[in-house]
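Visitor: This structure is in structure tokens; I'll ask about it shortly.
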Amino acid sequence: MQVSIVVLNYNYARFVSAAIDSALRQTLPPGECEVIVVDNGSTDDSLAVIGRYGDRVRLVRQKVNIGQGQGYNLGIAAARGEWIVWLDADDVLDDDAMATCLSLADAGTAKVHYPMRLIDAEGAPLGGVIPFLRHDGDVVPIIEALGHYAGPPGSGNLYRRSAVAPYFPVKPEDWPICTDTVPFITAPFHGLVVGADRPLGGYRLHRKPDTQAAPGYRGNYSGSIGLEVSLVERSRDRTMALLRERSGIVVDGPFLMLPTHVRHRITSWRWAREAHPFPEDTASSLWQLMRDSLKVCPGYNPTQRTAMLAWASGALYLPDAMAAAVMSTSRANPVWETVTRWTRRLGA
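Here full-length UniProt numbering is used: the first residue of the sequence shown is 1, the next is one more, and so on.
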């Protein structure tokens, strides 16, 4: 068995069949790809939808939803493949996604990741891809400096099972969400990260923004940007603890942050300061954090760094209405498109 595709489902009866169909259409030879569906206590019609596939998929069911962490636990425990991808039930894979990834991997590869096209609730393209930046190769120095590295969301990562298995199972109570951080950060300590040069799947944006949503954010982003910002650091720190406890790998920090994470933190501070999780933050400290992050983070050219700093300056220092307009420039688009837009304004 080469690949295990683990479809993670909770109350996504509307979408799960598209995810399963995309997994079953993989072009690998028969017997080299298995499809496992982990249902985390769905209360909608998910089980009826999944049941239509019969023995073409293996169903693993948690009767009560105890969080994403248990879904990851059950998936890797059931998987028999050398490689594993946890596919969110609202996302889809291209037919040749797994074959393409395997063609890029060698004995030193711990993970293959790939961009994903943005699609809407009906599966129609929205334009653009996620992420706008990926780090490939030996990304450990980037993690040691920034606490993270740039890459796609959970469905965009195919892991060598042996590179991530030591870190599972996780405690479900510690990982109700953000469990994709665990394999994402740990895998690079066991091999290289290889990137595909074209999108190999679709990342679905289907939640409508509510009245509390921060400017420039929609789709699958939390309505509480303060919570989202705190989760980034919490999941990072818990993953570093797993590295230390399970493999003896110590990565202490202190860490800077990825520029995209700094951007979220700036938006949280400016848009919803009363709920901002870092009371020590100020406009000047956040601007300096963005400046320092851009100096360290690979992948930005000088013009792009200038554009990101211009965005930070506007979001932090302009009057409220103008700052909200600046923060809204990324509306429904990847940050890369925001940076490109600002680059043009700067006359690059």
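Positions of the beta carbon are idealized from the N, C-alpha and C atoms, including for glycine.
Values in this document were obtained by computation on a predicted structure and should not be read as measured data.
Does DSSP classify Q2 as helix, strand or coil?
Guide: Q2: coil per DSSP, three-state reduction.
Visitor: May I have a chain-ordered list of the alpha helix (DSSP H) segments no shorter than 4 residues that lie completely inside the UniProt domain "Glycosyltransferase 2-like" (4-112)?
Guide: List check, alpha helix (DSSP H) in window: 16-24, 46-51, 68-78 and 97-104.
Visitor: Put I185 into one of helix, strand or coil per three-state DSSP.
Guide: In this structure, I185 counts as helix in the three-state DSSP scheme.
Visitor: Near M290, what residues of its chain come up, given a Cβ to Cβ distance below 6 Å and the 5 sequence neighbours on each side ignored?
Guide: Answer for M290: V262 and A312, listed in chain order.
Visitor: Thinking C-alpha only, which one of A150, A79 and Y203 is nearest L118?
Guide: Ranking the options by Cα distance to L118, first place goes to Y203.
Visitor: Assign G75 to one of two classes, buried (16 or more other C-beta atoms within 10 Å of its C-beta) or exposed (fewer than that).
Guide: The residue is buried, with at least 16 neighbouring Cβ atoms inside 10 Å.
Visitor: Exposed or buried, which one is I142 when buried takes at least 16 other CB atoms within 10 Å?
Guide: I142 is buried by the Cβ-count criterion.
Visitor: Of the choices Q288, G156 and D197, whose alpha-carbon is the least far from that of P183?
Guide: Looking at the Cα atoms, G156 is the closest of the given residues.
Visitor: Are there three or more Cβ pairs, one per stretch, closer than 8 Å when the stretch 87-98 is compared with the stretch 20-36?
Guide: In short, these stretches touch, since the Cβ pair count reaches three.
Visitor: Given L258, which residues of its chain have a CB within under 7 Å of its CB, disregarding the five upstream and five downstream residues?
Guide: Once the five neighbours on either side are set aside, the close Cβ partners of L258 are L146, H148, A150, S293 and C297.
Visitor: Using CA coordinates, which residue listed in L158, R61, L192 and G154 is at the minimum distance from V3?
Guide: Measuring from the Cα of V3, the nearest candidate turns out to be L158.
Visitor: With a threshold of 8 Å, are at least 3 pairs of Cβ atoms found where one atom belongs to the stretch 227-244 and the other to the stretch 173-181?
Guide: The answer is yes - the stretch 173-181 touches the stretch 227-244, with three or more Cβ pairs under 8 Å.
Visitor: If you draw a straight line from the C-alpha of A163 to the C-alpha of E82, how long is it?
Guide: Each residue's Cα considered, the two are about 10 Å apart.
Visitor: Could you give the DSSP three-state label for T211: helix, strand or coil?
Guide: With a pLDDT of 42 at T211, under the threshold of 50, the modelled position of that residue is not reliable, and the figure given next carries that caveat. Looking at T211 - three-state DSSP - the assignment turns out to be coil, as it is neither helix nor strand.
Visitor: From which residue to which residue does the alpha helix (DSSP H) around S141 run?
Guide: It should be pointed out that residue 141 corresponds to Pro in this sequence rather than to Ser. Run containing P141: V140 to L146, per the alpha helix (DSSP H) assignment.
Visitor: Taking Cβ to Cβ, would you say Y10 is nearer than 9 Å to S42?
Guide: Yes, the pair counts as a contact, with Cβ atoms nearer than the cut-off.
Visitor: Check whether the Cβ atoms of V49 and V85 lie closer than 9 Å to each other.
Guide: It is not a contact, given that the beta carbons lie outside the stated cut-off.
Visitor: Our contact map puts I266 next to A315 with C-beta atoms below 8 Å; I'd like the distance itself, whole angstroms only.
Guide: At roughly 5 Å, the Cβ-Cβ gap stays under 8 Å, so I266 and A315 are in contact.
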